[in-house]
Amino acid sequence: MNHYVPMPQSFYEQPTLQLAQALLGCLLVKETEEGVASGYIVETEAYMGPADRAAHSFGNRRTKRTEIMFGKAGSVYTYTMHTHILVNVVSSDVGSPEAILIRAVEPFEGTSLMENRRPGRSRKEWTNGPGKLTKALGIQMNDYGHHFTASPLTICEGWEQDSFHISSGPRIGIENTGEARDYPWRYWVEGNSYLSKMRSPTT
DNA sequence: GTCTAGATGGCCT
DNA sequence: GGCCATCTAGACA
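By the UniProt record's numbering, the letter at position 13 of the first sequence is numbered 13, and the numbering carries on one by one without gaps.
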């Protein structure tokens, strides 16, 4: 897997909203005993810490779960949602609990592995949602606390930043968070066919 | 210790 | 469009 070039630590130290866009087109790579699976990030959502009602770290809530959000930029924050695992990239300075949720990727390497992990689904449905992509790539709760610059879970150079167009809009699945639901902190690669689908199309 | 809600997905109608 | 699986962190007693 030497052809993968992990993004340097400095990459993660840019402002969160900027990083959320910079992550688009990057390659998310997961190594397991079964092999390597990877996909290009095509959709992200920023969670802005203390001031963001939708963030787990709203009001500077510091618990066992959110602890990693206070840590170093580029750390892995995994979270269990019902029966699914979601994966986030911790951003901002130590002590500033911000993170970016990876909502969708486009399959690249290890497609047969993904197919096995997502039996009976069409290629598009392997990774077009935050819970789906973790399953397809084999991301688990024990990835919590690792860092994206080191295996087994890394973010590497992917597409050229000027080879696609970025769109932004409100986040998804946070209807009960007051004014926070309207913040346009979701970013995606315009026109990509592996984007997650809207949960509640209500304006 | 007990109760509840949730950054979802899949299956049913 | 609606319902439910399944489970953990967080709040409260």
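The C-beta atom is built at its ideal place from N, Cα and C for all residues, glycine as well.
- Under the three-state reduction of DSSP output, ALA104 falls in the strand class.
- Around the beta-carbon of ASP162, fewer than 16 other beta-carbon atoms lie within 10 Å, marking it exposed.
- Residue environment: GLU43 is assigned as buried (16 or more neighbouring CB atoms within 10 Å of its CB, all protein chains considered).
- Just measuring C-alpha positions, the residue of GLU33, LEU17 and PHE11 sitting nearest CYS26 is PHE11.
- Ranking VAL189, ASN88 and PRO184 by CA distance to the CA of HIS165 puts VAL189 first.
- Excluding its 5 nearest sequence neighbours in each direction, VAL29 has C-beta neighbours in its own chain below 6 Å: TYR4, SER38, THR154 and CYS156, listed in chain order.
- Taking C-alpha positions only, TRP159 is separated from PRO170 by approximately 24 Å.
- Secondary structure at SER163: helix, using DSSP grouped into helix, strand and coil.
- Shown here for ILE85: same chain residues with a beta carbon closer than 8 Å to its own, the five before and five after excluded, namely THR78, TYR79, GLY131, THR134, LYS135, ILE139, GLN140 and MET141 in chain order.
- Taking a cut-off of 8 Å on C-beta distances, the stretch 47-56 does not touch the stretch 106-121, as fewer than three cross pairs fall below it.
- Scanning its chain for C-beta atoms nearer than 6 Å, with the 5 sequence neighbours on each side dropped, one finds around GLU31 the residues SER151 and PRO152, in chain order.
- In the structure shown, ARG181 falls within a helical segment according to DSSP collapsed to helix, strand and coil.
- Every beta strand (DSSP E) stretch that sits fully inside the stretch 86-164 and reaches 3 residues is listed by chain position as 98-107 and 153-156.
- Annotation for GLN9: GLY74 and THR149 place their beta carbon closer than 7 Å to its own, counting only its chain and skipping 5 residues before and after.
- Collapsing the DSSP output to three states places SER193 in coil.
- Assignment of LEU28 by DSSP, reduced to helix, strand and coil, places it in the strand class.
- In this structure, DSSP gives ALA54 a state outside helix and strand, which the three-state scheme calls coil.
- Excluding its 5 nearest sequence neighbours in each direction, GLU45 has C-beta neighbours in its own chain below 8 Å: ALA20, ILE100, LEU101, ARG103, ARG171, ILE172, TRP185, ARG186 and TYR187, listed in chain order.
- By a beta-carbon distance limit of 8 Å, VAL94 contacts PHE70. Their separation comes to about 7 Å.
- Taking C-beta atoms under 8 Å as the contact rule, ARG123 and PRO107 qualify, at a distance of about 7 Å.
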